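Let me begin by presenting the structure, written as structure tokens, before commenting on it.
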Amino acid sequence: MAVATEDVRIPAAAIPLAGAPVDLRKRRRPGEIIIQGFLLACGTLSILTTLGIVYVLLMETLRFFGRGGFNPLDFVTKTTWQPAIGEFGIWPLVTATFVTSLVAMTVAVPLGLSVAIYLSEYASTRARSTLKPILEVLVGIPTVVYGFFALTFVTPGLRSLLGRDTVEIYNMAAAGLVMGIMILPTISSISEDALSAVPNALREGAYALGATKLETAVKVVVPAALSGIIAAFILGMSRAIGETMIVAIAAGSGPSFTVNPLHAAETMTGHIVRLSGGDLSYDSIEYSALFAIALMLFLITLVLNLLGRQIIKRFRESYE
Amino acid sequence: MTDFPLTQSESSHSASPVPAANGEYAIETRGLNVYYGNFRAVRDIDLKIASRKITAFIGPSGCGKSTVLRAFNRMNDLVRGSWMEGQVVFHGRNIYESDIDAVEVRRRIGMVFQKPNPFPKSIYENVAWGARINGYNGDDMDALVERSLQQAALWDEVKDKLQQSALALSGGQQQRLCIARAIAIKPEIILMDEPCSSLDPIATLKIEDLMHDLAQIYTIIIVTHNMQQAARVADFTAFFMIDENRAGTLIEYGPTQRIFTNPEDNRTESYITGRFG
Amino acid sequence: MSTDPNLAPMPETTPAPDRQEFAGNLSRRHRAAKIWRVVFQASTVVGIVVLLTLLYNIVTESFGLVAVQNEVEPAALAIGGVPMEDLSKEQLVEILKGKVSAGIMRRLERDEPFAQRSREGVLTLVKERVVNPEIVKSWPLTESLLKRGAIEEEVRQNHPKARLEFKSWLNWNFLVSPQSSEALLTGVRAAFLGSLWMIAITMLIAFPVGVGAAIYLEEYYSDNWLTRLIQTNINNLAGVPSIIYGMLGLAIFVRALEILTSGALFGLTDATTANGRTILSASLTMALLVLPVIIINAQEAIRAVPGSLRQASYGLGATQWQTIWHHVLPNALPGILTGTILAMSRAIGETAPLVVVGASTYVAFDPSGPFSKFTALPIQIYQWTSRPQEEFRNIAAAAMIVLLIMLLALNAAAVLLRNRYARRW
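Chains as they are written, first to last, in our numbering: chain A, 16 to 335; chain B, 14 to 290; chain C, 45 to 469.
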């Protein structure tokens, strides 16, 4: 007990009196309640957004189908989209969307997976910390810039490579290739997460059996992380489907039903953008048609996103 | 002050009524049960804590000592799924009644945690912050900070570096800072949840010395794993244990001297002599 | 082979595996491993190579030689030794009247009376219609540097009246001039200001709402259906294509809430159009778009604040909001700022939702407030890219450099800001 008592004397007034009345009752704190209310409102805004999207898309789609003048079934069966003459088959737009997305995937899947394998299995921490930010830059580049690149560099390249007659000035391949580069970081980062989550014990088991690094990576780690990798593919595909500007600039304007990627075609997103940019009266059928297309787009990407996220949740749970 | 004999019962229902000099208890529990979801963590605790004395809770790990401690200042409220039965009576009111403000309770019943957790602010700010948000309008803040740091036996070591980051202090100093911080809002009771368990022996000794001085002003309740510490500092000791349903119960409670030299329950004796725990 | 008779004889075991059974393919496997390792390594380089090619492409289109031909040389328009640039407004109007047909003069007067036009505006008209510069041919930077001789020869032969000069399409005039239909005279000022206005208003809305939602989800969290629904919802919204947000903005902000967004409610409608296609509509749409990004990042930052800090605060008798405001938020600030910067970068580069919401492609005047018609940098780029003439390609490239520099500056500022806050304690 080395503390001198004089140093620590505090005035008696500071000691709470045992007998003094003490009010412990709840104080009204209106500030807290207001703040909590405001925060809750912020949270629910997101629900309003989703409800808004669904409502807006549904209403106009119903208006589109309700107009009559064409058979609603044509929407999903016919293969010409010419609003001027009442043709509303959505297939040209859908095939164009899928062709461009598939071209993008043929670029992004092998590259993305290779990058992921390299970063997760081979690279040193220093290499990883320099490479990852650079890849992130690819995501941050505005899509108009990518579109410009596709139109002014990739297309001429393709044309000189494959001949000016085989490759049109606007073509799906150029757009698809550039889109692939754009979604590469998405696929590589989710795949890398999946690969890194595989416990080291698995790798050590393989090494102990005399496997090379390649064999371990490809035959043990990748299969173990397969669900996460598939989720990466799904989410990458979803991004490619929803992409607008690259295809609007480089893939072509005017719906055309073709599966040849070297030809021009208009995707769902490209079509919406082209028509919105022009003169569009709010009551025309073209206006309502845009929302029907958008609804289709929304549903496709929603299903893909939910699926991808569900798979990711499941593989994360199995390792934690 | 009279010394009451302990009441013993099979279900270890022992409330030792040890009144303070003015005949009042600082705080008491009546039939306290704390649950986490469906699991009962502590069962039927009846305790009367003497004013301006040091009371120690001892017992093996996981016997609910901390849970009981945290029930005193309603910190269990912050754990999702926890609820309680019974009463904790403070100044004549059960602090769990619906019209009682937990925030007000916590201003009057302070807490020092197992691992020192100063704010990432300056030393001065750490002490001043609590007073400030509670609307302190007494003498100037500098004096309050100095007084609190002096009472916590830290003033001499930090008086020249009040604006430095609190995180630069050693573990023992940080814990004394946390004590100063708790004192600054002028509580009546200070709860200490194993305050020395992450400190070295010298720092521990400094804090034990401190406790004796603090007890002249505040009521102190300390949870400790270290029986020797309880024997050194506490005026009263309560011994807890888990029963067959893994709920913590109070086995014995009384003056430290008696608990350690002449315990009435053989479970207490077994624990103290180190046969288990 | 022990000779101790007490030991049991060694049982008949299968012979130790012959080395031969397992050897043979080791070198092949190692070779394959080496090859694939190079493949994996190379794939990381591919992305970087593409990035560099992209930047090279933009730069090379932004600078280069051009062959310019004027219909009337500016030197010929000088009056009394005073060059055309410095002539007074009346003199310029006279020149215009002399060289331009009466019908066009009438139309120009109808569009905006000459008395009201600025001198600068009339000068632009003179340049557009009288001097009428025309780019007969332009060459990208690499060609300009490497094949200068050949180019000069070509110009001498095919375009004798043209002047060959080195043009940096990204120049000061480009940055500060208003829009014009002529590639040589147009500038990005309106688009740049439009982008700034839009970003400012978007952030003003999205930042507090986003951080507020994140605080609610992390601090006031109770495991009920509402909070779980909100959380799943936000994760989904992050993956919705941006053009869908545009459709939402079109239907709700531009059409349904036209009274609000056009400014009619406040009596502040834009002079030229009184409809909902304003900066405010665009900003609201973008705010909805970036909200999930801000929320998710802010949530992670708040989650990372240690629980012991909160406990210390509560133990001192602080209320929940006091704990959040004084302890949680300051410590989560670096992470929150990161998310905000990500959101801003996205917002600046997005084009599709703006097109749908009705960005104007020809805006003659600078935006004057949230209720103006607007255009934005990406919109301009999109417009110019769609034009067939060669020179529009060049100015699109120049505009892209402006956009990329803007993004770079933003991200750099963010990193600096974040480091400053992270270094505090």
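For each residue, glycine too, the CB sits at the ideal point set by N, CA and C. None of these values were measured; they are calculated from a predicted model.
- When Cβ pairs closer than 8 Å are counted between the two stretches, the region 139-156 of chain B is seen to touch the region 360-370 of chain C, the count reaching three or more.
- Pairing C/Pro411 with C/Ile423, the inter-Cα distance amounts to about 15 Å.
- A/Thr64 has its alpha-carbon roughly 40 Å from the corresponding atom of C/Tyr100.
- DSSP places A/Ile105 in no alpha helix (DSSP H); its state is neither H nor E.
- Bounds of any beta strand (DSSP E) do not take in B/Phe132, whose DSSP letter is neither H nor E.
- For the region 347-408 of chain C, the continuous alpha helix (DSSP H) assignments of 4+ residues that do not extend past its boundaries occur at 351-359, 364-367, 373-393 and 396-401, in sequence order.
- Out of B/Thr281, B/Arg288, B/Ala251 and B/Ile272, the CA that lies nearest to the CA of B/Phe70 is found in B/Ala251.
- A direct Cα-Cα distance of roughly 27 Å separates A/Ser271 from C/Glu434.
- For C/Lys181, the enclosing beta strand (DSSP E) starts and ends at Glu178 to Ser182.
- Following the DSSP letters along the chain, one finds C/Arg272 in no beta strand (DSSP E) but inside the alpha helix (DSSP H) bounded by residues Trp269 to Leu281.
- One alpha carbon belongs to C/Val174, the other to C/Ala146, and they sit about 14 Å apart.
- Following the DSSP letters along the chain, one finds B/Lys61 inside the beta strand (DSSP E) bounded by residues Phe52 to Ala63.
- Residues of the region 69-92 of chain B with a C-beta atom less than 8 Å from some C-beta of chain C are Asn86, Met88 and Leu91, listed in chain order.
- Taking 7 Å as the threshold, the shortest C-beta distance from A/Arg43 to chain B does not fall below it.
- Looking from the CA of B/Ile136, the closest CA among B/Gln241, B/Arg194 and B/Leu218 belongs to B/Arg194.
- Identification of chain C residues near A/Pro148 by a Cβ-Cβ cut-off of 8 Å yields none; the smallest Cβ-Cβ distance measures about 10 Å.
- Contact of A/Leu39 with chain B is assigned, a C-beta pair being separated by under 7 Å.
- Excluding sequence positions up to five before and after C/Val170, its CB lies within less than 8 Å of the CB of Leu121, Met128, Leu136, Ile139 and Leu140, all in the same chain and listed in chain order.
- Taken in chain order, the complete beta strand (DSSP E) segments of 3 residues or longer contained in the region 175-239 of chain B are 202-206 and 232-236.
- For C/Ala86, the uninterrupted alpha helix (DSSP H) run begins and ends at Leu70 to Ser106, by DSSP.
- Chain order gives the chain B residues near C/Leu353 as Asn130, Phe132 and Pro133, where near means a beta carbon separation below 9 Å.
- The alpha-carbon separation between B/Ser64 and B/Glu277 amounts to approximately 24 Å.
- Residue-level contact by beta carbon fails for B/Arg145 and chain A, as no gap is shorter than 7 Å.
- Proximity of the region 115-135 of chain B to the region 85-95 of chain B meets the contact definition, three or more beta-carbon pairs being nearer than 8 Å.
- Taking 4 residues as the minimum length, the alpha helix (DSSP H) runs contained wholly in the region 235-310 of chain A are 241-257, 260-265 and 283-292, in order along the chain.
- Collapsing the DSSP output to three states places C/Lys211 in a strand.
- Here C/Pro204 is not bridged, per DSSP, to any residue.
- Those residues of the region 245-271 of chain B placed with their C-beta closer than 9 Å to a C-beta in chain A do not exist.
- Rounded to the nearest angstrom, the Cβ distance from C/Leu281 to C/Pro336 is 4 Å, consistent with a contact under 8 Å.
- Per the C-alpha coordinates, the member of A/Val114, A/Leu310 and A/Glu136 positioned closest to A/Asn215 is A/Glu136.
- Comparing C-alpha distances from C/Gln355 to each of B/Ile108, B/Phe132 and B/Val55 shows the shortest one belongs to B/Phe132.
- For A/Val182, the secondary structure class from DSSP, reduced to helix, strand or coil, is coil.
- DSSP lists B/Asn46 as the bridge partner or partners of B/Glu98.
- When DSSP states are grouped into helix, strand and coil, C/Tyr426 belongs to the helix group.
- DSSP places B/Ile285 inside the alpha helix (DSSP H), whose first and last residues are Asn279 to Ile285.
- The residues Arg163, in chain order, have a CB closer than 8 Å to that of C/Ser132 in the same chain once the five nearest residues on each side in sequence are set aside.
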